[in-house]
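To start, the structure under review is shown below, and the notes come after it.
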Amino acid sequence: MNELSNIKVVGTVEAVRDFVKACRKEGKSVGLVPTMGYLHEGHESLIKKSVAENDVTVVSIFVNPMQFGPKEDLASYPRDLEADTKLCENAGANLIFHPEPSEMYHDDFASYVDVNGLTNALCGLSRPGHFRGVCTVVTKLFNIVTPDRAYFGEKDAQQLAVIKRMVADLNMDIKIVGCPIIREEDGLAKSSRNTYLSPMSRNESLIISKSIFMGKKMIEDGERSAAKVIQAIKDNINTSAIMDIDYVEIVNGLTMESIEEIKGDILCAVAVRVNGDARLIDNFMMTVE
Ligand code: PAF
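Position in the sequence shown (first residue = 1) + 114 = the numbering used here.
Structure below.
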């Protein structure tokens, strides 16, 4: 614990703007780490990267209702502001923006940000409206914080690609920094949703990372048929009776379009429902000559 750090938690757009204005007056650069809270080492790595690259770091903690479907886990999404505040403080962040939904979405809210094309695949297909919610809230956060840089995890690889495209298309003057997936020692990708897993499901979930590592090894060993790699990953995951595959896809890493031949920048992405408890995602990205 850094005894000298003194993180502020604010809930209004006005308070964030005042803070950022004061930083700008002193010529300070600002990094933003957008999160939905229940922070783990993955988020911590984003915050630390922002702290290393900017004079001040703002972390937003907002479980954004707009990016959840009607049957999804908005109500049960884990929340722990006290633990999150400690993690942010220890990682060196300066401000937490923790608004109420009513601060972000007034009753007459009517404006949305849609990115077409690359949202028509993967999570965009299985979670209709999800990326509209993500792009709208991220645009709002960018407009509120006006960061120089913003940090996103590569675990949500499609989200990262969509946000990069949005920033380029809409001329947002913000550098988007992608940060590597952080895993548990046994390989499971860190996720706030891992908390939904019973010990038994947690253990069986290792099949997800093991299967994608196997797929990666197939490509490293020369396999170039996307269909064969996808099938091998599916077969491996299906050896567990409690895994219900949402998708296993290999796509172009920039456009998210399906590919047949593994070549260039690729993303292999997996989404699996575990025992009806949690929907977990994982992936690897590769450049293949
Ligand atoms: O990745 C997340 O946690 C969320 O999608 C984000 C970027 C904070 C937007 O709500």
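Just so it is clear, CB atoms sit at the ideal spot from N, CA and C, and this is done for glycine as well.
Computed from a predicted model, the values in this text were never measured in an experiment.
Would you say residue i touches the ligand GTP, meaning its beta carbon is less than 6 Å from a heavy atom?
i, result
"Val-248", "Questions concerning the ligand GTP fall outside what the structure shown contains, since the ligands it does hold are the ligand PAF."
What do you reckon, is the C-beta of residue i under 6 Å from a heavy atom of the ligand PAF?
i, result
"Met-286", "no"
"Asn-178", "yes"
"Met-280", "no"
"Pro-148", "yes"
"Asp-270", "yes"
"Val-173", "no"
"Val-251", "yes"
Can you tell which of the options has its C-alpha closest to the C-alpha of residue i?
i, options, result
"Asn-352", "Ile-258, Ala-224 and Lys-324", "Lys-324"
"Cys-382", "Ile-364, Arg-241 and Asn-389", "Ile-364"
"Asp-379", "Gly-156, Met-399, Pro-213 and Gly-390", "Met-399"
"Thr-253", "Leu-232, Asp-222, Gln-272 and Asp-287", "Asp-287"
"Gly-301", "Arg-316, Tyr-310 and Arg-307", "Arg-316"
"Gly-267", "Leu-160, Lys-135 and Ile-121", "Leu-160"
"Leu-274", "Gly-243, Leu-232, Tyr-310 and Ser-190", "Leu-232"
"Gly-329", "Thr-401, Glu-318, Lys-348 and Ala-282", "Lys-348"
"Ala-403", "Asn-366, Lys-377, Val-343 and Arg-387", "It is worth fixing the name first, because residue 403 is Glu in this sequence and not Ala. The shortest C-alpha separation from Glu-403 is found at Lys-377."
"Asp-270", "Ile-295, Arg-246 and Pro-261", "Ile-295"
"Leu-236", "Met-370, Asn-389, Val-388 and Arg-387", "Met-370"
"Gly-156", "Phe-223, Ala-136, Cys-202 and Gly-141", "Cys-202"
"Gly-206", "Ser-225, Gly-238 and Lys-163", "Lys-163"
"Pro-261", "Phe-327, Val-291 and Gly-238", "Val-291"
"Gly-243", "Ser-312, Gly-125 and Tyr-226", "Tyr-226"
"Gly-183", "Phe-245, Arg-297 and Leu-311", "Phe-245"
"Cys-293", "Val-259, Glu-158 and Gly-125", "Glu-158"
"Val-124", "Arg-387, Ala-303 and Ile-258", "Ile-258"
"Asn-389", "Gly-238, Pro-313, Val-165 and Ile-277", "Pro-313"
"Glu-298", "Leu-320, Leu-239 and Asn-285", "Leu-320"
"Pro-283", "Glu-334, Pro-192 and Asp-228", "Pro is not the amino acid found at residue 283; the sequence shown has Asp there. Measuring from the Cα of Asp-283, the nearest candidate turns out to be Asp-228."
"Ala-189", "Arg-338, Met-357, Arg-263 and Tyr-310", "Tyr-310"
"Ser-143", "Arg-263, Tyr-191, Asp-222 and Ala-355", "Arg-263"
Could you check the C-alpha separation between residue i and residue j for me, to the nearest Å?
i, j, result
"Ile-395", "Cys-249", "19 Å"
"Ile-374", "Ala-340", "Looking at the sequence provided, one finds Glu at residue 374 rather than Ile. Cα-Cα distance, rounded: 5 Å."
"Lys-289", "Gly-336", "35 Å"
"Arg-393", "Asn-208", "32 Å"
"Glu-128", "Pro-213", "11 Å"
"Val-384", "Ile-322", "8 Å"
"Ile-210", "Val-147", "10 Å"
"Leu-368", "Arg-138", "34 Å"
"Ile-175", "Val-281", "21 Å"
"Met-255", "Asn-204", "Note on identity: in this sequence residue 255 is Leu, with Met being the wrong assignment. Each residue's Cα considered, the two are about 23 Å apart."
"Leu-118", "Val-172", "Because the pLDDT at Leu-118 is just 45, under 50, the model does not fix this residue reliably, and the point stays unresolved."
"Asp-391", "Ile-121", "34 Å"
"Arg-406", "Asp-169", "Limits of the chain in this structure are 115 at one end and 403 at the other, which puts residue 406 out of reach."
"Gly-247", "Asn-230", "13 Å"
"Val-343", "Tyr-361", "13 Å"
"Asn-234", "Gln-272", "10 Å"
"Arg-241", "Glu-186", "9 Å"
"Asn-285", "Val-276", "14 Å"
"Val-386", "Asn-397", "11 Å"
"Ser-372", "Ala-136", "47 Å"
"Met-332", "Gln-345", "12 Å"
"Ser-305", "Arg-279", "24 Å"
"Glu-334", "Val-165", "35 Å"
"Thr-126", "Glu-140", "22 Å"
"Met-115", "Arg-193", "In this prediction, Met-115 scores a pLDDT of 36, lower than 50, which makes its location untrustworthy; no coordinate-derived value is stated."
"Ser-354", "Asn-308", "17 Å"
Check whether chain B comes within 7 Å of residue i, counting only Cβ atoms and requiring the distance to be less than that.
i, result
"Gly-206", "Reference to chain B is not applicable here, since this structure consists of a single protein chain."
> Is it a yes or a no for the region 209-219 touching the region 176-185, going by three-plus beta-carbon pairs under 8 Å?
Replying inline: yes
> Counting Cβ pairs, one atom from each stretch, are 3 or more of them under 8 Å apart for the region 184-201 and the region 150-164?
Replying inline: yes
> Unbroken beta strand (DSSP E) runs of length 3 or more, entirely within the region 165-220: which are they?
Replying inline: 170-175 and 209-211
> What beta strand (DSSP E) runs, 3 residues minimum, are completely inside the region 260-310?
Replying inline: 263-267 and 289-293
> Which runs of the beta strand (DSSP E) fall wholly inside the region 334-380 and span at least 3 residues, in chain order?
Replying inline: 357-366
> Enumerated in chain order, which unbroken segments of the beta strand (DSSP E) with a length of 3 residues or greater are wholly contained in the region 131-155?
Replying inline: 144-149
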